[in-house]
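Inspection log for the structure reproduced underneath, given as structure tokens.
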Amino acid sequence: MIMKNLTYHQRIQLEVAYAAKISVKGIAHLLEVATSTVYREIKRNSMPEGRYIAEYAQKLSIARKKLAGSTEKKSFIFHYKRKKYVLYADRRKIRWYSDAHRNDYIFSPYYKMRRMGPRKVYNKYYGFIVYHFMDNKPLYEFLYAHLQLKRKVRKARLLLKSTFQKFIFINPQTATISLPTTKAA
Numbered sequence: 001m002i003m004k005n006l007t008y009h010q011r012i013q014l015e016v017a018y019a020a021k022i023s024v025k026g027i028a029h030l031l032e033v034a035t036s037t038v039y040r041e042i043k044r045n046s047m048p049e050g051r052y053i054a055e056y057a058q059k060l061s062i063a064r065k066k067l068a069g070s071t072e073k074k075s076f077i078f079h080y081k082r083k084k085y086v087l088y089a090d091r092r093k094i095r096w097y098s099d100a101h102r103n104d105y106i107f108s109p110y111y112k113m114r115r116m117g118p119r120k121v122y123n124k125y126y127g128f129i130v131y132h133f134m135d136n137k138p139l140y141e142f143l144y145a146h147l148q149l150k151r152k153v154r155k156a157r158l159l160l161k162s163t164f165q166k167f168i169f170i171n172p173q174t175a176t177i178s179l180p181t182t183k184a185a
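Residues in the sequence shown are numbered from 1 upward in steps of one, following full-length UniProt numbering.
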């Protein structure tokens with residue numbers, strides 16, 4: 001078995017099998033994937049409360065793929081394109097939403113060089129980028145909200161665990177086990 005990404009139909013089967021409390025090995029056999037794939041899917045794409053819902057998982061996986069695809073890669077290797085890219089509309093009428101991380105590229109040397117140089121005045125129409133033709137902004141916001149909720153749940157669990165451990169350390173158990181002292185006749 002190889003490790004691979006699941007389709008939406010496989011995620012629905014996983015949701016039903018996981019709710020029926022079938023073992024992970026059984027679920028992997030049912031989906032014809034490796035057990036590590038099922039473990040990874042449950043860990044990464046389940047809700048912060050621990051439930052697994054197929055639609056929620058599908059949205060998260062698509063958001064992760066698009067976010068990974070839109071981030072800047074380290075190395076660039078030139079390759080010829082098979083098909084010439086054709087823009088779907090007039091370039092002047094498209095308003096883009098940048099999915100690049102603005103905080104990261106403010107400190108880049110190229111950006112600093114441009115910032116220190118002469119300023120260019122653009123028309124308001126070409127102002128801040130507000131639209132992406134793939135409409136990824138709601139998907140990214142959904143992913144960020146999921147990650148923030150997951151972080152809050154994790155922090156709450158750690159806080160609860162640490163307060164419980166402090167309570168045990170400060171107040172040791174006072175209950176003792178009493179053994180029967182009478183002998184049976």
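All residues carry an ideal CB built from backbone N, CA and C; glycine is no exception. All values reported here derive from a predicted model rather than from experimental measurement.
| Asked | Found |
| --- | --- |
| Might you give, ordered along the chain, the residues of its own chain that have their beta carbon closer than 7 Å to the beta carbon of A63, omitting 5 neighbours on each side? | L139, Y140, F142 and L143 |
| Please check the pair Y18 and Y39, which I expect to be a contact at CB under 8 Å, by giving their CB distance rounded to whole angstroms. | Rounded, the Cβ-Cβ distance is 11 Å, inconsistent with contact. |
| Count the other C-beta atoms from every protein chain shown that fall within 10 angstroms of the C-beta of V33, then say buried if there are 16 or more, exposed otherwise. | buried |
| Cα-Cα, which of Q13, A156, I27 and Q148 is closest to Q58? | Q13 |
| Express the C-alpha separation of I42 and L30 in angstroms, rounding to a whole number. | 15 Å |
| Looking only at its chain, what residues have a beta carbon closer than 8 Å to the beta carbon of K25, apart from the 5 residues adjacent to it on each side? | T35 |
| Would you kindly work out how many angstroms separate the C-alpha atoms of R157 and I27, rounded to a whole number? | 28 Å |
| Using a 10 Å radius around the Cβ and a threshold of 16 neighbouring Cβ atoms, would you call A54 buried or exposed? | buried |
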